[in-house]
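Residue numbers (this note's numbering): 46 to 171.
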Amino acid sequence: MVKSTRHAKYELYYHIVFVPKYRRSHLTGTTKERLEAIFAEICENKDLELAESEVMPDHVHLFIGSPPKNAPSLIVNWVKGISARKYNQRYDDRVKWTRSYYVGTAGSASKGAVEQYIAEQEGDDE
Numbered sequence: 046m047v048k049s050t051r052h053a054k055y056e057l058y059y060h061i062v063f064v065p066k067y068r069r070s071h072l073t074g075t076t077k078e079r080l081e082a083i084f085a086e087i088c089e090n091k092d093l094e095l096a097e098s099e100v101m102p103d104h105v106h107l108f109i110g111s112p113p114k115n116a117p118s119l120i121v122n123w124v125k126g127i128s129a130r131k132y133n134q135r136y137d138d139r140v141k142w143t144r145s146y147y148v149g150t151a152g153s154a155s156k157g158a159v160e161q162y163i164a165e166q167e168g169d170d171e
């Protein structure tokens, strides 16, 4: 769904994947439920849309919608940093994330559709 700010219309979604330190398979059961709740809380507080989340035993997938003012790296820093801090303050077991992550963009149009649209605009000015 297209959203807007005072000066922009946008539809930006990011697929973010990251792993716990040492890639241990311990993100299960109550840890998984707690993390999903914390990710939802972070997104709500930062005015992000958590479209989808999946906490796997050894990695996390998030699909987050954001206004264009937020860089993807900033969103990842928020999600990883705040989630680890909140989790470790609230519960006895610990969660630590690696510094690495994957982020991919998604929207309503594919790369091919945008390329075709731009190519078709070439002769419209005349």
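Note that beta-carbon positions come from the ideal geometry of N, C-alpha and C, so glycine has one too.
Closest to K114 by CA distance: which of Y146, K91 and Q134 is it?
Residue mapping note: residue 114 aligns to position 69 of the sequence shown, counting from 1. Minimum Cα distance to K114 is reached at K91.
So for E160, helix, strand or coil by DSSP?
Stepping through the sequence shown from its first residue, residue 160 is reached at position 115. E160 falls in the helix class under three-state DSSP.
Please classify S70: is it buried, with 16 or more other beta-carbons within 10 angstroms of its beta-carbon, or exposed?
Within the sequence shown, residue 70 is the residue found at index 25, counting from 1. Exposed, since its Cβ has fewer than 16 Cβ neighbours within 10 Å.
Could you tell me which uninterrupted beta strand (DSSP E) segments, each at least 3 residues in length, are contained entirely in the stretch 58-123, listed from first to last along the chain?
The stretch 58-123 contains these whole beta strand (DSSP E) runs: 58-63, 94-100 and 105-110.
Helix, strand or coil for K54 per DSSP?
Here residue 54 refers to the residue found at position 9 when the sequence shown is read from its first residue. In this structure, K54 counts as strand in the three-state DSSP scheme.
Any non-hydrogen atom of the ligand ZN closer than 8 Å to R135 Cβ
Among the components of this structure there are no ligands whatsoever, and the ligand ZN is therefore not found.
Going by the beta-carbon positions, is the gap between R79 and Y132 smaller than 9 Å?
One-based indexing of the sequence shown puts residue 79 at position 34. One-based indexing of the sequence shown puts residue 132 at position 87. Yes, the Cβ-Cβ distance between R79 and Y132 is below 9 Å.
Residues in its own chain within less than 6 Å of P117 by CB, not counting five upstream and five downstream?
As a first step, residue 117 is located in the sequence shown; it is residue number 72 there, counting from the start. Cβ contact annotation for P117 (same chain, cutoff 6 Å, sequence separation greater than five): Y59 and V148, in chain order.
Could you please give me the residues that DSSP links to K48 through a beta bridge?
In the sequence shown, residue 48 corresponds to position 3, counting from 1. For K48, which the question treats as bridged, DSSP gives the partners Y55.
Could you tell me which residues DSSP puts in a beta bridge with G149?
Here the question's residue 149 lines up with position 104 in the sequence shown. BP columns for G149 point to H60.
Anticipated Cβ contact below 8 Å, I61 with C88, distance rounded
Numbered from its first residue, the sequence shown carries residue 61 at position 16. Numbered from its first residue, the sequence shown carries residue 88 at position 43. The pair is not a contact, with the Cβ atoms about 11 Å apart (cut-off 8 Å).
Note down, in chain order, each residue of its chain lying with its Cβ closer than 8 Å to the Cβ of M46, except the 5 sequence neighbours on either side.
As a position in the sequence shown, residue 46 is number 1, starting the count at 1. Beyond the five residues adjoining it in sequence on each side, M46 comes within less than 8 Å, by CB distance, of E56 in the same chain, given in chain order.
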